[in-house]
Amino acid sequence: MVRGAGGDFVAAELAKAAGLHDIDVALVERWVIDVLLPQQRREVTTVREEAGSVLAEFLNDNIGNMIAVARHKLPIVPDSQEDYVRRDLAPGHSLRARFEESSGNTYILRSAFETWCRRRHKDYQAALDEMERQGPLLKRHCRTRLGRGLPQFGSTGGPLSTCIVVNATRHESPDGDSGRVPVRQGAEVTG
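Here it is as structure tokens:
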């Protein structure tokens with residue numbers, strides 16, 4: 001099975017040989033290769049989405065799959081849970097992100113973000129690179145328990161998950177100060 005423009009050119013050559021048209025197929029083929037394809041490639045490479053818009057779109061699509069807690073540290077007294085959990089999972093949803101109010105950091109399940117990018121035809125690595133360049137991305141790889149402190153995930157907080165860490169409130173300023181919280185590369189965040 002022939003795919004792409006090559007199949008069209010083969011069909012055009014066969015139709016010309018059968019006397020169905022008199023188009024110069026070789027000329028059209030040269031134009032596609034020399035003019036059209038390079039132009040399309042330039043357009044594809046110049047389309048760059050704002051890191052904030054990709055992040056906002058992902059978070060909006062996954063709002064039911066996200067929890068919000070007051071802070072990174074667990075409550076000292078277990079009964080003070082209602083002060084700790086600001087927003088719980090929507091019924092029937094799976095945990096994909098954890099927002100910590102005190103720091104503004106959001107821990108996003110890396111596999112969920114990768115899958116989301118692939119389904120929307122977005123380049124995962126390019127999205128991370130752009131978020132890193134613009135400031136929201138604090139860390140590309142982090143191991144944490146997204147359900148830490150929530151009773152439905154038990155005393156352990158669920159499985160240790162590989163996440164990316166973002167902070168949408170932090171961005172690169174004109175003077176080069178990112179305002180980012182330093183995070184050790186390769187550090188494991190546990191609760």
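1 is the number of the first residue of the sequence shown in full-length UniProt numbering; add one for each residue after it. Built from N, CA and C at the ideal position, the CB exists for glycine as well.
Taking the CA atoms as reference points, ALA97 sits about 35 Å from ARG41.
In terms of Cβ geometry, LEU74 and ARG148 form a close pair [threshold 8 Å]. Leaving aside the five residues that flank ALA90 on each side, the residues in its chain whose CB is nearer than 7 Å to its CB run, in chain order, GLY64. Its chain contains ARG71 as the residues whose beta carbon lies nearer than 6 Å to that of SER102, once the 5 sequence neighbours on both sides are disregarded; these appear in chain order. ARG143 sits exposed, since fewer than 16 C-beta atoms from the chains shown fall within 10 Å of its C-beta. Residue state for ASN167 is assigned as coil, using DSSP reduced to three classes.
In the structure shown, the three-state DSSP call for LEU137 is strand. In its chain, beyond the 5 residues on either side, VAL69, ALA70, ARG71, LEU74, PRO75 and GLY149 have a beta carbon closer than 8 Å to the beta carbon of TYR84.
Around ALA5, the same chain offers VAL32 as residues with beta carbons nearer than 7 Å, after the five sequence neighbours per side are excluded. Here SER94 carries a coil assignment [DSSP, helix/strand/coil]. Check the Cα spacing between ASN167 and each of ASN105, HIS141 and GLY7: the tightest is with ASN105.
If you look at LEU89, you'll find it isn't in any alpha helix (DSSP H); DSSP assigns it neither H nor E. Bounds of the alpha helix (DSSP H) holding LEU27 are 25-31. The criterion of a C-beta distance shorter than 8 Å is not satisfied by LEU138 and LEU128.
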